[in-house]
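Here the protein sequences come in this chain order: A and B.
Residues 1 to 307 (my numbering) make up the first sequence, in order.
Residues 308 to 850 (my numbering) make up the second sequence, in order.
Every residue, glycine too, gets a C-beta built ideally from N, C-alpha and C.
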Amino acid sequence: MGRYVLRRLLQMIPVFIGTTFLIFVMVHALGDPVNALFGDKAPDPAIAAQIRAQYNLNDPLWLQYVKYMGNLFRWNFGTTFSGQSVTSLLATAYPATLKLTAVAFTIEVVFGIGFGLISGLRRGGMADNSVLILTLVVISIPTFVTGYVLQYLIGVKWGILPATAGDPLTLQSLLLPGIVLASVSLAYVARLTRTTVAENSKADYVRTATAKGLPRRRVVINHLLRNSLIPVVTFLGTDLGALMGGALVTERIFNIHGVGFYLYQGIVRQNSNTVVGFVTILVIVFLAANLLVDLLYAVLDPRIRYA
Amino acid sequence: MPAATRARWAVIAATSLALVVTGCSSSKSSGGGTNSAGVVTAWWGDPQNPLEPANTNEVNGGAVLNMIFTGLITYDPKTSAANNANADSITSTDQQNWTVKLKPGWKFSDGTPVTASSYVDAWNYGALVTNKQVNASFFGYIDGFNDVAPTSGAPKAQTMSGLKVIDDNTFTVALSQKFSTWPQTLGYSAYYPLPKTFFSNHAGYLNQPIGNGPYEISSWTRSQKMQLRPNPQYSGTIKPQNGGIDLKVYTDTNAAYADLQSGNLDVDNGVPNSALKTIQGDLNGRYINQPAGIIQTISFPLYQADWNTDNAKLVRQGISMAIDRATITKVVFTSTRTPATEWTSPVLGAAGGYQAGICGDACNYDPAKAKALIQQGGGIPGGQLTISYNADGPHKEWVDATCNSINNALGNTTACVGRPVGTFADFRNQITSKQMTGAFRTGWQMDYPLIQDFLQPVYTTDGSSNDSHYSNQQFDALVSQANAQPNPTDSVKDFQTAEKMLATDMPAIPLWYQNGTAGWSDKVSNVMLDPFSVPVYTSITVK
Numbered sequence: 001m002g003r004y005v006l007r008r009l010l011q012m013i014p015v016f017i018g019t020t021f022l023i024f025v026m027v028h029a030l031g032d033p034v035n036a037l038f039g040d041k042a043p044d045p046a047i048a049a050q051i052r053a054q055y056n057l058n059d060p061l062w063l064q065y066v067k068y069m070g071n072l073f074r075w076n077f078g079t080t081f082s083g084q085s086v087t088s089l090l091a092t093a094y095p096a097t098l099k100l101t102a103v104a105f106t107i108e109v110v111f112g113i114g115f116g117l118i119s120g121l122r123r124g125g126m127a128d129n130s131v132l133i134l135t136l137v138v139i140s141i142p143t144f145v146t147g148y149v150l151q152y153l154i155g156v157k158w159g160i161l162p163a164t165a166g167d168p169l170t171l172q173s174l175l176l177p178g179i180v181l182a183s184v185s186l187a188y189v190a191r192l193t194r195t196t197v198a199e200n201s202k203a204d205y206v207r208t209a210t211a212k213g214l215p216r217r218r219v220v221i222n223h224l225l226r227n228s229l230i231p232v233v234t235f236l237g238t239d240l241g242a243l244m245g246g247a248l249v250t251e252r253i254f255n256i257h258g259v260g261f262y263l264y265q266g267i268v269r270q271n272s273n274t275v276v277g278f279v280t281i282l283v284i285v286f287l288a289a290n291l292l293v294d295l296l297y298a299v300l301d302p303r304i305r306y307a
Numbered sequence: 308m309p310a311a312t313r314a315r316w317a318v319i320a321a322t323s324l325a326l327v328v329t330g331c332s333s334s335k336s337s338g339g340g341t342n343s344a345g346v347v348t349a350w351w352g353d354p355q356n357p358l359e360p361a362n363t364n365e366v367n368g369g370a371v372l373n374m375i376f377t378g379l380i381t382y383d384p385k386t387s388a389a390n391n392a393n394a395d396s397i398t399s400t401d402q403q404n405w406t407v408k409l410k411p412g413w414k415f416s417d418g419t420p421v422t423a424s425s426y427v428d429a430w431n432y433g434a435l436v437t438n439k440q441v442n443a444s445f446f447g448y449i450d451g452f453n454d455v456a457p458t459s460g461a462p463k464a465q466t467m468s469g470l471k472v473i474d475d476n477t478f479t480v481a482l483s484q485k486f487s488t489w490p491q492t493l494g495y496s497a498y499y500p501l502p503k504t505f506f507s508n509h510a511g512y513l514n515q516p517i518g519n520g521p522y523e524i525s526s527w528t529r530s531q532k533m534q535l536r537p538n539p540q541y542s543g544t545i546k547p548q549n550g551g552i553d554l555k556v557y558t559d560t561n562a563a564y565a566d567l568q569s570g571n572l573d574v575d576n577g578v579p580n581s582a583l584k585t586i587q588g589d590l591n592g593r594y595i596n597q598p599a600g601i602i603q604t605i606s607f608p609l610y611q612a613d614w615n616t617d618n619a620k621l622v623r624q625g626i627s628m629a630i631d632r633a634t635i636t637k638v639v640f641t642s643t644r645t646p647a648t649e650w651t652s653p654v655l656g657a658a659g660g661y662q663a664g665i666c667g668d669a670c671n672y673d674p675a676k677a678k679a680l681i682q683q684g685g686g687i688p689g690g691q692l693t694i695s696y697n698a699d700g701p702h703k704e705w706v707d708a709t710c711n712s713i714n715n716a717l718g719n720t721t722a723c724v725g726r727p728v729g730t731f732a733d734f735r736n737q738i739t740s741k742q743m744t745g746a747f748r749t750g751w752q753m754d755y756p757l758i759q760d761f762l763q764p765v766y767t768t769d770g771s772s773n774d775s776h777y778s779n780q781q782f783d784a785l786v787s788q789a790n791a792q793p794n795p796t797d798s799v800k801d802f803q804t805a806e807k808m809l810a811t812d813m814p815a816i817p818l819w820y821q822n823g824t825a826g827w828s829d830k831v832s833n834v835m836l837d838p839f840s841v842p843v844y845t846s847i848t849v850k
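In structure tokens form, the structure reads like this:
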């Protein structure tokens with residue numbers, strides 16, 4: 001198990017370098033950011049040159065990348081054009097996104113698995129059909145449409161929940177964006193759970209457990225659900241990273257100053273420090289989530305062993 | 308300043324869906340009278356650069372600087388007239404050497420006095436090339452600017468020779484050329500004074516800028532919000548009518564609009580395009596839409612041989628006549644643009660040099676004549692007109708509409724096409740490195756309400772923003788002559804004579820003036836926009 005984790009950690013290094021380099025190249029492919037600082041005016045050449053020198057923009061791309069990575073290992077993520085250190089942006093953005101993701105993830109897990117279990121156990125029933133129809137509707141509507149419609153109805157028109165998440169972020173104000181962010185994944189989780197529960201409920205071990213006279217509650221929770229959750233956990237693990245990335249749209253709609261906001265601003269202003277810094281952390285989150293999922297398999301399914 | 312129109316998220320189009328269902332805004336009973344301690348919540352965006360006066364050239368940073376600083380002069384929000392603020396007098400006998408006298412006793416919000424050195428040091432800092440201030444070019448008229456900001460290499464001097472402190476409240480400025488309206492330019496943020504702490508504790512200053520204006524910054528959470536409260540040390544006459552302003556950074560203009568409708572935001576001057584159709588009903592008329600000092604134009608690459616001929620002038624005039632400005636501003640922009648008939652802005656007023664119709668027939672929609680002129684000029688160079696624009700801004704719609712209008716006039720569906728460029732930065736790169744082969748969109752937001760600012764930087768041969776590289780010696784001579792006129796009326800006349808040449812040469816086609824828009828909640832009143840389309844925060848009252 002320890003060796004396995006170590007091997008996985010070592011594999012992360014090339015993945016990490018590869019992704020950050022790709023992002024670095026892509027941001028630079030957008031062109032020279034200095035002109036945009038001067039707006040619709042022609043930049044003063046001397047000053048533009050000074051700014052380029054400050055951000056190493058005159059160096060060849062590979063050298064810029066090496067310099068950037070060198071700073072990164074000293075935990076120096078660089079500064080934005082407005083003079084803020086990217087580290088301080090990370091420190092304000094990630095907690096906000098994590099809070100939103102946590103709310104969304106909780107909603108996704110609780111309601112996704114709950115709905116899936118109910119409809120899986122009562123296949124063809126009223127509950128099953130309504131879950132299927134509802135999830136189909138949710139999956140087919142893009143997140144930003146759900147977002148704006150719910151914001152208008154619940155936030156503006158009826159005033160049940162705050163229309164935007166203000167500062168500081170409260171659980172109440174994160175509820176609406178959390179539901180929007182979770183909705184599509186929730187639908188997938190429900191459908192996935194439903195299928196595996198439906199399949200496994202005919203399995204031998206379930207029949208055996210029932211035949212032994214175990215209470216239905218134990219059969220469903222300890223035997224049926226535990227085995228049915230393996231594919232769901234895989235999905236949830238990768239989805240955790242996707243949620244943080246997908247928060248980009250939701251954060252804009254509900255005015256949450258998280259990763260999405262800074263990433264968007266970084267791209268618009270072509271500040272590679274911001275973009276690469278934020279993506280670097282996102283990559284780490286993705287890699288860690290994947291590793292966690294793989295380790296969770298062993299917990300759920302005793303037949304899986306890592307040597 | 309750049310035009311305030313920057314990138315908007317592509318999904319905005321979809322939001323109209325959410326906003327079609329117009330709801331009645333809830334009407335709360337107000338007690339009547341005003342609450343002078345009431346705090347106003349206002350829309351804001353993250354400033355692009357550090358909040359240094361000479362380093363701020365966009366609206367978000369500009370809005371804050373405008374509140375925390377009062378310069379030598381201020382502009383009347385209604386008439387755009389320049390009035391002395393911190394200056395007691397700015398005088399000259401030869402329109403080139405100026406003496407500035409300050410009103411004594413003014414203080415920064417940290418209690419230190421505002422003296423002649425506060426100005427001279429600030430201007431020297433702003434001009435010095437190693438300080439990398441994006442507004443450095445504003446000091447270009449001052450003697451010695453070329454020593455502190457040479458085009459290449461290290462600066463030869465640290466301070467400009469044209470600036471001299473006489474005593475605590477007096478300093479003199481020597482300009483490198485005659486410039487009679489120079490005092491009226493001094494309301495721009497680049498010319499604000501700076502306290503000593505700016506130089507001694509620069510990092511600390513940037514975290515909490517200190518000024519001499521009606522407000523002071525009481526707290527600032529970067530990228531989130533800023534709280535401004537009345538500055539007890541303020542000595543000027545434009546005192547805040549409210550208990551302070553809370554600026555709130557919005558990730559998206561639609562989010563701000565939702566907050567405005569649900570009562571969490573009081574003043575929203577970032578109204579999204581998708582809301583314009585319903586805003587009157589949404590807000591029960593609490594909405595203002597008035598021309599601002601911003602003009603949108605289509606420029607031509609006069610550095611390309613085939614665009615720099617006498618025949619091409621006719622073609623450009625023809626293209627201008629083929630554009631149906633009235634319909635486009637009404638349909639595409641929901642009347643938040645006003646068709647342009649010259650190259651400045653109505654906010655200047657008649658005294659300031661605005662004169663409707665200088666462009667003459669060339670700016671009137673006349674498809675038949677347009678076609679004839681273009682044919683007379685030998686057709687569009689290259690056979691097809693391309694209009695380049697930055698795709699990260701809201702430009703596609705109007706460029707396509709403009710091209711449609713041209714195509715209809717010429718009876719040729721491919722005479723004109725839009726050419727999107729991915730980002731604003733790349734777009735500006737192509738313009739400044741003279742890579743354009745066809746027409747391209749240009750916008751000009753005035754720095755100060757003077758006809759000079761609309762003509763000199765944009766159309767004189769060495770103009771800092773002469774994107775089309777238009778060069779006409781007669782035009783240049785008239786601008787110099789206008790700057791040397793001691794009498795403002797004569798000066799304006801000369802500028803207008805120069806402007807008339809643009810109608811024949813047509814280096815850029817005037818399209819429309821951009822309006823400033825703002826909506827507000829039922830909790831506040833007296834919301835006005837100044838000629839820069841920034842709310843006049845000091846005058847807002849809370850019910």
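Self-check item: G551/B - DSSP class collapsed to helix/strand/coil
Solution: strand
Quiz prompt | For C723/B: DSSP bridge partner residues | solution = L692/B
Quiz item: What separation, rounded to the nearest whole angstrom, lies between the Cα atoms of A434/B and Y564/B?
Solution: 39 Å
Practice problem: Give the straight-line distance between the Cα atoms of A623/B and K703/B, rounded to the nearest whole angstrom. | Solution: As written in the sequence, residue 623/B is Arg, which differs from the Ala given in the question. Taking the straight line from one Cα to the other gives about 21 Å.
Self-check item: Beta-carbon gap between H257/A and A96/A smaller than 7 Å
Solution: yes
Exercise. Leaving out five residues on either side along the sequence, give the residues of the same chain with a beta carbon under 6 Å from the beta carbon of N442/B.
Key: A361, N364 and A497
Self-check item: Exposed unless 16 or more other CB atoms sit within 10 angstroms - verdict on R632/B
Solution: buried
Practice problem: Tell me whether E649/B sits in a helix, a strand or coil according to DSSP, three-state version. | Solution: coil
Quiz prompt | Reduced DSSP category for A882/B - H, G, I as helix; E, B as strand; rest coil | solution = Lying outside 308 to 850, the shown extent of chain B, residue 882/B is not represented and no answer is given.
Quiz item: For chain B, is any of its Cβ atoms less than 7 Å away from the one on V156/A?
Solution: yes
Practice problem: Would you tell me roughly how many angstroms separate the C-alpha atoms of K800/B and G660/B, rounded to the nearest one? | Solution: 8 Å
Quiz item: So what does K67/A bridge to, in DSSP terms?
Solution: In DSSP, K67/A forms no bridge with anything.
Self-check item: Selection of the stretch 59 to 75 of chain A by Cβ proximity to chain B, strictly under 7 Å
Solution: none
Quiz item: Where DSSP assigns a beta bridge to K414/B, which residues make up the other side?
Solution: P420/B
Quiz item: Got a sec, what are the start and stop residues for the alpha helix (DSSP H) T824/B sits in?
Solution: No alpha helix (DSSP H) holds T824/B; the beta strand (DSSP E) holding it covers A815 to W827.
Self-check item: Cutoff 8 Å; reference L287/A; Cβ partners in own chain excluding five residues on either side
Solution: M12, V15 and F16
Self-check item: Other residues of its chain near A677/B: CB distance less than 6 Å, five sequence neighbours each side excluded
Solution: G625, M628, A629 and A716
Quiz item: To which residues of the same chain is G338/B closer than 8 Å at the C-beta, ignoring the five residues directly before and after it?
Solution: Bear in mind that a pLDDT of 45 at G338/B, under 50, signals an unreliable position, so the number given afterwards is only what the model happens to contain. If we look at G338/B and ignore the five residues flanking it on each side, its Cβ neighbours are K850.
Quiz prompt | Unbroken alpha helix (DSSP H) run spanning S525/B, endpoints | solution = Per DSSP, S525/B belongs to no alpha helix (DSSP H); it is in the beta strand (DSSP E), Y522 to T528.
Exercise. Measure the CB-CB distance between T135/A and A190/A and report whether it falls below 7 Å.
Key: yes
Quiz item: Name the chain A residues that come within less than 7 Å of G729/B, Cβ to Cβ?
Solution: L30
Quiz item: Going by beta carbon distance, what residues of the same chain come within less than 7 Å of T79/A, once the five residues before and after it are set aside?
Solution: S85, V86 and N273
Quiz prompt | Beta carbon proximity, S652/B to chain A, threshold 7 Å | solution = no
Quiz item: Would you call M1/A buried or exposed, if buried means 16 or more other Cβ atoms sit within 10 Å of its Cβ?
Solution: exposed
Quiz item: If we ignore side chains and look at the alpha-carbon of each, how far apart do L409/B and W819/B end up?
Solution: 39 Å
Quiz item: Along chain A, which residues have their Cβ under 7 Å away from the Cβ of R529/B?
Solution: Q84
Exercise. Take F24/A as the anchor and find which of Q50/A, P33/A, G39/A and Q64/A has the nearest alpha-carbon.
Key: Q64/A
Quiz prompt | Cβ pair count under 8 Å reaching 3, the stretch 589 to 607 of chain B against the stretch 740 to 756 of chain B | solution = yes
Quiz prompt | Residue-chain proximity (Y495/B, chain A), Cβ-Cβ < 7 Å | solution = no
Exercise. Report the partner residues of S642/B according to the DSSP bridge assignment.
Key: Looking at the DSSP assignment, S642/B forms no beta bridge with any residue, so it has no partner.
Exercise. Apply the 10 Å Cβ neighbour rule to H223/A and answer buried if 16 or more other Cβ atoms are within range, or exposed otherwise.
Key: buried
Quiz item: Would you say P33/A reaches chain B, if we count a Cβ-Cβ gap shorter than 7 Å as a contact?
Solution: yes
Practice problem: Excluding the 5 residues preceding and the 5 following S334/B in the sequence, name in chain order all residues of the same chain whose CB lies nearer than 8 Å to its CB. | Solution: Note that S334/B scores a pLDDT of 35, beneath 50, so its modelled location is shaky and nothing firm can be said.
Quiz item: Fully enclosed by the stretch 161 to 224 of chain A, which alpha helix (DSSP H) runs are 4 residues long or longer?
Solution: 171 to 200 and 204 to 211
Quiz item: For the stretch 34 to 60 of chain A, which residues have a CB atom closer than 8 Å to at least one CB atom of chain B, in sequence order?
Solution: V34, N35, A36, L37, F38, G39, D40, K41, A42, P43, D44, P45, A46, I47, A49, Q50, I51 and Q54
Exercise. Express the C-alpha separation of V371/B and S332/B in angstroms, rounding to a whole number.
Key: Model confidence at S332/B stands at a pLDDT of 36, short of 50, so the residue's coordinates are unreliable; what they give is reported in the following sentence. Each residue's Cα considered, the two are about 30 Å apart.
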